[in-house]
Each structure stands twice: as structure tokens, then as C-alpha cells.
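Chemist:
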Amino acid sequence: MDLSRLRNIISRYCAGEENWVDSRTVYIGHKEPPPGAEAYIPQRYPDNRIVSSKYTSWNFIPKNLFEQFRRIANFYFLVIFLVQLIIDTPTSPVTSGLPLFFVITVTAIKQGYEDWLRHRADCSINECPVDVVQRGKVARTQSQELRVGDIVVVKEDETFPCDLILLSSSRQDGTCYVTTTSLDGESSHKTYYAIPDTMAFRTEREVDSLHATIECEQPQPDLYKFVGRIHIYKDKDEPVARPLGAENLLLRGATLKNTQHIYAAAIYTGMETKMALNYQSKSQKRSAVEKSMNAFLIVYLCILISKAVINTVLKYAWQWSPDRDEPWYNHRTENERQRHVVIRAFTDFLAFTVLFNYIIPVSMYVTVEMQKFLGSYFITWDEEMFDEELGEGAQVNTSDLNEELGQVEYVFTDKTGTLTENNMEFIECCVDGNVYIPHAICNGQILSAASSIDMIDSSPGGYRREHEDLFFRALCLCHTVQVKEEETVDGIKRGIHQGRPTSFYISSSPDEVALVEGMKRLGYTYLRLKDNYMEILNKDDEIERFELLHVLNFDSVRRRMSVIVRASSGEYLLFCKGADSAIFPLVVSGKLEQVKARVEQNAVEGLRTLCVAYKRLSEVEYRAACRHLTEAKLALQDREQRLAEAYDVLERDFVLLGATAVEDRLQEKAADTIESLHKAGIKVWVLTGDKMETAAATCYASKLFRRSTQILELTKKRTEEQSLHDVLFELNRTVLRQRSISGLSVDCLDFGLIIDGATLSAVLKPKQEVAGHGNYREIFLEICRNCSAVLCCRMAPLQKAQIVKLIKASKEHPITLAVGDGANDVSMILEAHVGIGIMGKEGRQAARNSDYAIPKFKHLKKMLLVHGHYYYIRIAELVQYFFYKNVCFIFPQFLYQFFCGFSQQPLYDTAYLTLYNISFTSLPILLYSLVEQHVTVETLKREPSLYRDIAKNSLLRWPVFLYWTCLGVFDAVIFFFGAYFLFDNTTFTSNGQMFGNWTFGTLVFTVLVFTVTLKLALDTRHWTWINHFVIWGSLLFYVIFSLLWGGIIWPFLNYQRMYYVFMQMLSSGPAWLSIILLITVSLLPDVIKKVLCRAMCPTATERAQDHDVLARDVAAAQLAPGRSYKGASTARSSPLQFAGVETLSLRRSDPLPRKLLAHLAEGGRAELRSCMLRLSGAGIAYYAPGPETSV
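Just so you know, the working numbering puts 335 at position 324 of the sequence shown, and the rest follows in order with no gaps.
#1: What first and last residue would you give for the beta strand (DSSP E) that runs through Lys588?
#2: Put Ile321 into one of helix, strand or coil per three-state DSSP.
#3: Would you mind reading off the limits of the beta strand (DSSP E) that contains Val165?
#4: Please go through the same chain and pick out, in chain order, the residues whose beta-carbon is closer than 7 Å to the beta-carbon of Glu1178, but skip the five residues on each side of it.
#5: Just to confirm, is the Cβ distance from Leu764 to Thr705 under 8 Å?
#6: Could you give the distance in angstroms between the alpha-carbon of Cys977 and the alpha-carbon of Thr118?
#7: To the nearest angstrom, how far is it from the Cα of His945 to the Cα of Ser1053?
#8: Taking the C-alpha atoms as reference points, what is the distance between Leu875 and Pro955?
#9: Would you give the residue range spanned by the alpha helix (DSSP H) that Phe607 belongs to?
#10: Give me whichever residues DSSP pairs with Trp696 in a beta bridge.
#11: Is the beta carbon of Asn408 closer than 8 Å to that of Gly386?
#12: Return the chain-ordered list of same chain residues with a C-beta closer than 8 Å to the C-beta of Val980, the five sequence neighbours on each side being excluded.
#13: Tell me whether Phe665 sits in a helix, a strand or coil according to DSSP, three-state version.
#14: Under 7 Å Cβ to Cβ from Glu415, same chain only, skipping five residues before and after it: list those, please.
#15: If you measure between the beta carbons of Phe868 and Thr684, is that distance less than 8 Å?
#16: Just checking, does the segment 903-916 make contact with the segment 1030-1040 on the three C-beta pairs under 8 Å criterion?
#17: Taking all protein chains shown into account, do 16 or more other C-beta atoms lie within 10 angstroms of the C-beta of Cys587, making it buried, or fewer, making it exposed?
#18: Rounding to the nearest angstrom, what Cα-Cα distance links Tyr1194 and Ala1028 in this structure?
#19: Give, in chain order, every unbroken run of the beta strand (DSSP E) that is at least 3 residues long and sits entirely within the segment 219-275.
#20: Would you check if the segment 699-716 and the segment 792-805 touch, i.e. whether three or more CB-CB distances between them fall below 8 Å?
#21: What separation, rounded to the nearest whole angstrom, lies between the Cα atoms of Gly10 and Cys173?
#22: Please report the distance separating the alpha-carbon of Phe1011 from that of Leu924.
#23: Any heavy atom of the ligand SAH closer than 7 Å to the CB of Glu724?
#24: Would Tyr124 be called buried (16 or more neighbouring beta carbons within 10 Å of its own) or exposed?
#25: State the start and end residues of the unbroken beta strand (DSSP E) segment that holds Gln891.
#26: List the whole-angstrom C-beta distance separating Val610 from Thr620, where the pair is believed to meet the contact cut-off of C-beta under 8 Å.
#27: Could you tell me if Leu1055 is buried or exposed, where buried requires 16 or more neighbouring beta carbons within 10 angstroms of its beta carbon?
#28: Return the CA-CA distance between Phe80 and Glu43, expressed in angstroms with no decimal places.
#29: Would you say the segment 398-405 touches the segment 432-446, given that touching needs at least three Cβ pairs under 8 Å?
#30: Please state if the CB of Val492 and the CB of Val527 are separated by a distance shorter than 8 Å.
#31: For the putative contact between Ala691 and Phe423, defined by C-beta atoms under 8 Å, what is the C-beta separation to the nearest angstrom?
#32: Spell out a yes or no on whether the segment 146-158 and the segment 99-109 are touching, meaning 3 or more CB-CB pairs, one atom from each, closer than 8 Å.
#33: According to DSSP, is Leu538 part of a helix, a strand, or is it coil?
#34: Sort Cys187, Ile390, Val697 and Ser579 by Cα distance to Met545 and report the nearest one.
#35: Would you check if the distance between the CB atom of Tyr1226 and the CB atom of Leu735 is smaller than 8 Å?
#36: Near Tyr535, what residues of its chain come up, given a Cβ to Cβ distance below 8 Å and the 5 sequence neighbours on each side ignored?
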């Protein structure tokens, strides 16, 4: 072993980096290290193929079947089907096998088609051409053939084929510009850097001569983190080590911009790229409706088993006497006599289970899946949710939670970019108490009126001082803004305006662009970063150059960023900007009180504030800082921790310069949306990282807090004055006292809670038991339950998710919804029952990880109050209706066993058993669940309180379920016993033939199909031509099928028991009368119940329906003034309540105002909604030019 290798091994272990299994070594260009260096150990890495598909051609059938039969319902019907094959059952295996085959086939086709699309997408990506440097020349290959270590050439506007380390660029400074739109949606240009030692390689031959290895961490899914170092071998000298970070890593899927070409080394390929590692599937979310379905299914399974047990016991009780056990016409075989009674009983139990298994609706799952899939298109097709500015509409990423949109009880929303526009406008800056206000600048767009510098200085004289110059220079230097000095507009390049350079600023942060533009209006223009020198143009039109030495990047823990620069005088300066809470504790001099007062004032006005500070560094201090930073950047282990320690050493003992104020405007109709959500009974929480004063001002502006709201503070400032225990109990006593008072009084005080991140961490700490009162989190939840709105400020992303999880796990188990627009909102979006992403300016990461994506916050109103309302109503009716019609279907079969000696004789023909749920009754309810509108869209938007009617899964509660089940049992009893008693004596047809058991069963089945279909027709309020076509078409199809099924001798059947049965039944007059009578009697109780409930205790939804009907009638009267509409004469007034308190009484002689007619025709406006209209006498005369019209 030579000495250099031994030295490397010793240094590695002495440095504490013995766990090097977490790293990989990449040989650039597949070149072995020179002799004397580390041993060459070739490693196997995956190829560059991307595989997003789930199946292959050989594993599709077994894998898909395995996944489908993991569902309990499918597995149950498979067992039933196998039982029918194994033992002698009363029904054919076709009756279970065909519906199961239909369900499995439809699902497999759907999943197979979706996977085929994924295969096509994978092939198009994997076969994409890529340029690779080989032997000093560029060779073209396919993307899937790339290997780790290859040197790749990427040209402008091309996408990176794998994760790459930038070696050199066509730009002189070794940088390149990249957009990561496909990764996180951010369209801004990000700057990436080549290492100084490789940036000089310009040609293929020079790059191919590079001799280097890269040591880096194993693949990690974090897009914004990378740790590595490169060893460059030059002749026989020791290799030069350089740190590699996220600024050197080009991610697969990103696009090269404003750079002709780059050379880069492949570091991660295929499924090890960061983009592929982020493909991981999200946890499966289940809706409350699905949970109710499963609970109802268990109940019906118990009913099925009970029926089978009862019939088995009664069968053996019936056969107790020998003449019934073995009648003369049905002697048993010798094998049957020798079988044990337990085996015979178990076989009979299985046979009865098969006979009654149709009470479990297998087709319901397919119908629900189709309803969710097809129904989701109504969101994407909604033109009102299309944003012209973005050119996009709402998106549905998962259709499994459509109905959950109608059950939301808590909405957790981000502030910046969600409630606000994230469109920053520089308002003012404060330097040592002096305020500077430029003309309006909005996101880089200089308004035409602001052509000259307008500086307002509140200090006497307004003279320039040193701190003012330093402040303006700090904001021109302390940022990551990129300068685009030349832009093509309408084919004309512009880069110089009136002899002065015109720059266009781009950045991933809108705040930074607003600040740099603000400085430009105040006379300090940031020009460019060239050859590591930052250039600014001062007020005197002099160019100042500062060498950029180090950038201490912003992170959410420090909440600040810094730069170290060297002025032309040789002086070292560290400029820092950040949140006031991150800067003020580090300040040792400056006018702290004046700046703090101005910051607090701006925060109260809802402005976003940043503080600016600086310090001078001596040569010795800079050298020490440079050494610490370099050591930290070169570390492969704990690099972030070491960098944080180095930053903390540097960022202290600051001189405070001043502060800035930037305004983030409230989004359009954000206040209206929050107000509507409050009226709908939904509690809204704002979770933000902003300071308390700024966030509170936004909450007041958005009507989350009202002026009458009593604010309760649970903040770090208050817990420093009192203990957390005392503050919690004091707030709890306050809200409980008010609740007890409000129970006796009409007036109820409105509470709003404000809590910050530090206090929340203390509240959520485990094992903080309070004697007799549980832990702090229970007290905190009790306070929150009694507050109409909650503001959580200074929240870290993880704390947002913790808040959502806390509310989800509370004893009420409410349905939660989280909405946000940035990457910091992803955790809470994934945690909530429903996650909604805003397609905002902070990227598309939130939209990509959400269940639904909407362009603006205002669209949340229609998403919940209209679409969510409709989805829940429709699917609740679908589920209850399916169970109802299956009870109607199978309970007569149960009753029939009492009249056939429990012989397992089926009441219905095999074809009817098979097609009942597949063909005869499935399409009407599917269409109903897609297009039904029990109230109009305008009414739902105008009356948000209607959302309360469906809250807490009200339509799928146990009382409602029991009502539908009892209604099904009642109808089934009417079907069976009505037909039985009407045909008690043997019935003859006109040709003298008698009714047999198949005719009796067909009669019951005919009444059944017509009753359940007409029941759905009675429940339908929104009729369209397609409703008529499907409902009446389904009944017609049943009749035509029965005529064909019983009118033809089918050669493939070995029995023809249904031949001419249906025609024989229809040829009997009593049968026609029975069908009409039984249908009427079956539907009558439900109709009477609805009429009585509507008249005696109408719900808010029913009152809204009456309002819609009245509005349509009045609109018709207004549009046809020549026609007369007479009302029935009554002795008293006819009140129509519009949910208000004022009454407008109009007599026969009073004219009905045109304004009121028009108002009602439009659906009613807010200012006239609180009146009661009374129509008295025979009618009301409406006077208008022309003939008189009575209404």
C-alpha cells in the first residue's frame, strides 16, 4: 500500500467520516484515477430509464386481479361464485359470476388503459435523443442509455435528461440559467454555477481531458439539498478538492435558458434522480361517504347471514316430520341419506347465503367509481373557475374525494399568495427614523407616471448621511436577483433607454424584485453581476463595483440572508436583511427604537417588513470566516449543521440601518369568500409564517376578524409575562363564561384567537398533564372550539401540518381542508382530509401535491358551496338508493321461502337476477348522481347557510339509513303480499291457463322495477331530456327484454321456463290492475311523508326550493304581461317566508312593484332578501302599460 492511499484512509477516519456507505464515487468520463490515488472500484448504477407504469404485459392479469380481489366486496362475490360452482345452489353461478366479471373487466380495462398511457409517456421520455462527449467528440444516443459518469452536452431550451453536475458553460462566468417549472412550477430563472477549476473548459476535447472524481451523498428526494465534493487531478500533484452544493446540481426535468450550451457530468440516473424519487405516492385518503358505505355493508352482511341462519333453522324445523323430510315425489339418494346432518345444514346455509347474496350490491362500487370519475369533469369544465390571467381552470388530481368537499368543517389557509396576491409593491423604507416613499412600483413594472425620482424625507433638511448610503447599497447587494439587460419586444431588442441601461429583474422571490426596483426609484440601480463583481449605479450616475465574496443563503430557521462583499477601497462589509425577530436580537447599535416603532406601525397596516443591518470585518476576521465557511462547505457529513454554526459566528454584533415595507394586496373576493364560508358554518384558520401584526391586519381586511371580534392572544410575549398554564386557563375561563352567558342571551360575543409558533410548540409538547384537566392540547382545543376564527402566525411548515393533525384527531373528528400555494404548504395539504393547491406565484408544488387545484382563492367558494354540495347530495342518494332497491329486490325472495317449504326455490328467473343491478336499474341512478340539482347554482351561492343542512354526513346517518331500509322492507312486503293476496285463488288467463310460480315471480319483479325507478323519478327535481330518456328508456328496455326473453326458444338453454310467461301475464286484465295498484300503494307512504314534513317543518333547502319555484313563476308572469295568472281566493294571507323578519303585505288593490318582480326573477338580492311577501284575496293586480294582469 503506497503512502498517499494510507494517508487518505487515516485522514478520513480521523475526520469522523467512517460511515461512507452513505456516499458514492463517480468517475467523470469513466476514467480511472491516476496511480497512487484511491483504488478504482467500479460501481453499478441503474440506467437512465424512467418507469412510471405499474404493470407489464406479463404481470398485468395476475397483479391486477390480486389488487382487485383485495377489496372486500370483490372477494366476497368471488367466494359466493365459487360456492355456487362447488355445491348445488338454487341459482346458477352465472347470476354471481356475470356481475363480478363485469365489475372486474371494467375496472381492469380502465386501469390497463391508464397504465398504457403511462407506458407511452415513459417511452417518449426514454427514447429522447441526448448528446454525449465520447473520445473528444459529440455522439448522439438515447436518454435511456445514459450512464452515471457520462459527460452530457445540453443546449438552450433543452431539458436535462438526468441529474447533472455543471462543469462548464458557454457564458464567460461559468453560470447558466435554468427554469424548474416542471419540478416545482416556478417559472423564474435560477442561476447555477460551475466550479472555478472546470469552468474554463470550452470545447469537447478540453472537457474530455478532464480527470476528476465526484464524491457525493446517495440519492435523496429533497430537491433543494445536495452535498458533495469534486477531486480534480492535475499532473502528479495532490488532487484539488472543491465543494459541491445545490447550486451546482442541475435536476432532471429542468430546462436550460438564456445559455447556448453547457457541459455537465451525470450524477444520478433513472429512478435515482430526485424527480423520480419524488414520484412516491401520497397516502390514500378515504371520504366519510366511503366509510359510511363500509359500515352499511357490514350491517347488510349481518342481515344476509341472519336470513340464511333463520331459513336454515326453519327448514329443518319444517322437515322434522318424515313426510316433509322425504316426500314421495322427491326421494333422496343413498349418499344424501348417509351425509351427516351438520354437513347438510352447513351446505343449506351456504345455499341460502347464495340465494340472498344480492342484498349486497356489487354494482354499487362500480357505479360510485363511475360517478366520481365522470363527476369530476364538472369541476374542470366550470367556466366560472377559469382564470383568464393564468389561462387555466380548476384541476382534479383525485376524484375519490368529490363528496368530501360538501362535508368540510375546518378550512386551513395560507396567507401569502393564497389570501393575498403575492404581487409585491414597494411602499417605503425607513433609515434611522427617516422615511423614504418612492413612486409606485409593482413587481418590476414601473408605472408611466413615475418617470422621475420622488424621494420624501421626513427628517429636517433631508441631507444624505452615511447610514442612508449604506442602507441603499445593502438592498442593492444583498439579494439573489438576476438581471436581464436585454429583452426582445415585438422583434426589437431593447437594452438602453434614454442613454441609461434598462434592466429587467427576475427572481424566485417577488419580495426581492420589489425591493431592488424600489431602490432603483430611489436612485440606486443594481446593474449586473459580472466576473464575481456586483455593479450598482448610484445617484450621481457613478458605477460602484463590489466583489462578491460569500453568500449566506436564506433559510427558514435563521429567517435572514447575508452577503460578504469587498468595496473598491478594500473594506470588507457584511450586509444582512431578514425578519425583525431575526435581526433585532443581533443588533448592538443603531436607532433601534425608532425603526422598531416604524416596523410595528407598518405591520399593523398589513405591510410585509424586513430589517437591514451591517457590520465591518477586519482582514483577520474575514480570513477566519472564510476558513470556517470553506471547511463547512467541504464537509460531506452534517454540512448544514456546520454551515449554520459558521453563519451564527458571523451574523452577530450588527449595526441597524433601517427597514423596508412591501405591500401584498388582498386577492379579489377573498373577503367575500371567507364571509360565505363563515355563513356556511365552516371555521377558517389562517396559518402563516408572517409576523403577528401583519397577519392580523390581513385577517381584518379579509373579514376573518371583525371589529366586534374579541381577540384572544396566546403568544410568546404573553407567556413571558405569565406562565403558559395561567394564560391557557384564563383564556379557557373567558370563553366558557361567555358561552354560558350566550346560552341565556340572544347576543353572542365573537372570539378570535391568535397564537404563534413558539407558543404552539410549548402547547403541543407531550406529557404535560394538568391535574384534573388533561394536558395543554385539550385545553387549547377547547378554546379553539369556541372561537369563530383562529390565526396562527410565525408557523414553520411542519407546525402547519401539526395543527391540521391536531384538529383531525380531536374528539369530534371534523373534516378538514387545507389550501395553500407554496412548497411550505405541502405538508398541511397532504395532512388534511382534502388538500387544495392554489396555482400561485410561489410555484406549482402545492398544486401538484393537492387533491384539487384552483387558480384563485375566490374559487374555493363555488368549489365547496356548489360543487361540494351537489356531489354530496348526489352520492348520498346513490348509496341509500342502492341499498333500498336491493332490499326491495331480495326481501320478497326471503318471504317466498315461507311458502315453498324453505326449499331454496328462487322467486325470480336467472336473467332477472343477473340483470337487475347491471341493466334494469343502474343507469337512472348513475345519471341522477351526475346531473341532479335539488336547488339552483345561484341559490347555493346566494345562501351559503344551505351548506349546514348537509353538514356532518347528515344524509348518511343511521336514522336516514334505517328509514331507507324500512321503506325498502315495506315496499317489498307490498310487492309480495299484494301479489299473493290479489292472486290468492288460482288465476286464469283469457285462454284458461293458470298462473304459475314463474308468472308470480315475474309479476313481483315487474312491480319492483317500476316502483324503484318511479321512486327515483319522484326524487328528481332537475329534469332534462336525458333524464327522461334514461328513466323511461330503462323501463321500456325491461319490457322489450322480457318480451324477447320469454317470446323466443333459446337453443343454448337446457330449460325454457320463462317461455311465454311475460306475455301470458300481460294478457291478464287483473295483472295490469295489480301492477298499477301495487306501484301506487308502494310509493304513497314516501310521498305522504315528504309532503307532511315539508308542510310542518321544512328545512332551509326546502324553503330555498319554494323560493326558486316562486321566482320562476314571477319571472314568467313578468315576461308575459298579456296573460292572466289567477290565484285561488283565500280568506287569509298566504305567507312566503324569505328567511327574514320584515313583512311586506300586499292586498288586492295594491300594485305589485316591477322592481320586486324583477328582483324575484333574478333569484333575490341581499337588500330585499329579508322580507315576507303575503298574497291576499283572489290575487294581486300588477299594473303596467297595456292590459291588466292578475298574479
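In this text, a Cβ means the ideal position worked out from N, Cα and C, and glycines have one as well.
Modeler: This is what the structure holds:
#1: Taking the first residue of the sequence shown as 1, we reach residue 588 at position 577. Segment Tyr583 to Gly589, the beta strand (DSSP E) holding Lys588.
#2: Taking the first residue of the sequence shown as 1, we reach residue 321 at position 310. In this structure, Ile321 counts as helix in the three-state DSSP scheme.
#3: The residue you call residue 165 lines up with position 154 of the sequence shown. Its beta strand (DSSP E) spans residues Ile162 to Lys166.
#4: Counting from 1 along the sequence shown, the entry for residue 1178 is found at position 1167. Legend: pLDDT at Glu1178 = 38, less than 50; position of this residue unreliable, value from coordinates given subsequently. Around Glu1178: no qualifying Cβ.
#5: Sequence index remark: in the sequence shown, residue 764 carries index 753 (1-based). Sequence index remark: in the sequence shown, residue 705 carries index 694 (1-based). It is not a contact, given that the beta carbons lie outside the stated cut-off.
#6: Along the sequence shown, read from residue 1 onward, the residue named residue 977 stands at position 966. Along the sequence shown, read from residue 1 onward, the residue named residue 118 stands at position 107. The straight-line gap from Cα to Cα measures roughly 33 Å.
#7: One-based indexing of the sequence shown puts residue 945 at position 934. One-based indexing of the sequence shown puts residue 1053 at position 1042. For His945 and Ser1053, the distance between alpha carbons rounds to 34 Å.
#8: In the sequence shown, counting from the first residue as 1, residue 875 sits at position 864. In the sequence shown, counting from the first residue as 1, residue 955 sits at position 944. Cα to Cα, Leu875 sits roughly 10 Å from Pro955.
#9: Counting from 1 along the sequence shown, the entry for residue 607 is found at position 596. Note that residue 607 corresponds to Lys in the displayed sequence, not to Phe. Looking at the DSSP string, the run of the alpha helix (DSSP H) that includes Lys607 is Leu603 to Val615.
#10: Here residue 696 is taken as the residue at index 685 of the sequence shown, counted from 1. In DSSP, Trp696 forms a bridge with Phe423 and Val801.
#11: On the sequence shown, position 375 is the one that residue 386 refers to. On the sequence shown, position 397 is the one that residue 408 refers to. Against a cut-off of 8 Å, the Cβ pair of Asn408 and Gly386 comes out as no contact.
#12: Reading the sequence shown from its first residue, position 969 is the one you call residue 980. Within the same chain, Val980 has close Cβ partners Val898 and Phe902.
#13: The residue you call residue 665 lines up with position 654 of the sequence shown. It is a strand residue.
#14: Numbered from its first residue, the sequence shown carries residue 415 at position 404. Same-chain partners within the cutoff: Ser298, Ala299, Ile826, His844 and Val845.
#15: As a first step, residue 868 must be located in the sequence shown, where it is residue number 857. As a first step, residue 684 must be located in the sequence shown, where it is residue number 673. Closer than 8 Å, so yes.
#16: As far as the Cβ criterion goes, the segment 903-916 does not touch the segment 1030-1040, which means the pair count is below three.
#17: In the sequence shown, the residue the question calls residue 587 occupies position 576. Cys587 should be labelled buried.
#18: What you label residue 1194 is simply residue 1183 of the sequence shown in a count that begins at 1. What you label residue 1028 is simply residue 1017 of the sequence shown in a count that begins at 1. Model confidence at Tyr1194 stands at a pLDDT of 31, short of 50, so the residue's coordinates are unreliable; what they give is reported in the following sentence. Distance between the alpha carbons of Tyr1194 and Ala1028: 40 Å.
#19: 223-228, 239-243, 251-255 and 266-268
#20: yes
#21: With the chain running from 12 to 1202 in the structure shown, residue 10 is simply not present.
#22: Position 1000 of the sequence shown, counting from 1, holds the residue named residue 1011. Position 913 of the sequence shown, counting from 1, holds the residue named residue 924. The alpha-carbon atoms of Phe1011 and Leu924 are separated by roughly 15 Å.
#23: Among the ligands in the structure shown, none appear at all, so the ligand SAH cannot be discussed.
#24: For the purposes of this step, residue 124 is taken as residue 113 along the sequence shown, with counting starting at 1. Taking every protein chain shown into account, the CB of Tyr124 has fewer than 16 other CB atoms within 10 angstroms, so this residue is exposed.
#25: Reading the sequence shown from its first residue, position 880 is the one you call residue 891. From DSSP, Gln891 is part of no beta strand (DSSP E) but of the alpha helix (DSSP H) over His880 to Tyr907.
#26: Here residue 610 corresponds to residue number 599 of the sequence shown, with the count starting at 1. Here residue 620 corresponds to residue number 609 of the sequence shown, with the count starting at 1. Contact holds; Cβ gap of about 5 Å.
#27: Locating residue 1055 in the sequence shown gives position 1044, counting from the first residue. Looking at its Cβ environment, which holds fewer than 16 other Cβ atoms inside 10 Å, Leu1055 is exposed.
#28: Along the sequence shown, one-based indexing puts residue 80 at 69. Along the sequence shown, one-based indexing puts residue 43 at 32. Approximately 53 Å, taken between the alpha carbons.
#29: no
#30: Counting from one through the sequence shown, the residue named residue 527 turns up at place 516. Counting from one through the sequence shown, the residue named residue 492 turns up at place 481. Taking 8 Å as the Cβ cut-off, Val527 and Val492 qualify as a contacting pair.
#31: For the purposes of this step, residue 691 is taken as residue 680 along the sequence shown, with counting starting at 1. For the purposes of this step, residue 423 is taken as residue 412 along the sequence shown, with counting starting at 1. With 8 Å as the limit, Ala691 and Phe423 do not qualify as a contact, their Cβ atoms being about 16 Å apart.
#32: no
#33: Walking along the sequence shown from the start, residue 538 turns up at place 527. Here Leu538 sits in strand by DSSP.
#34: The residue labelled residue 545 in the question sits at position 534 within the sequence shown. It is Ser579 whose Cα lies nearest to the Cα of Met545.
#35: Residue 1226 cannot be examined here, being either before or after the span of the chain that is shown, 12 to 1202.
#36: Counting from one through the sequence shown, the residue named residue 535 turns up at place 524. Excluding sequence neighbours, Tyr535 sits near Phe483, Arg484, Leu486, Cys487, Ile547, Leu548, Asn549 and Lys550.
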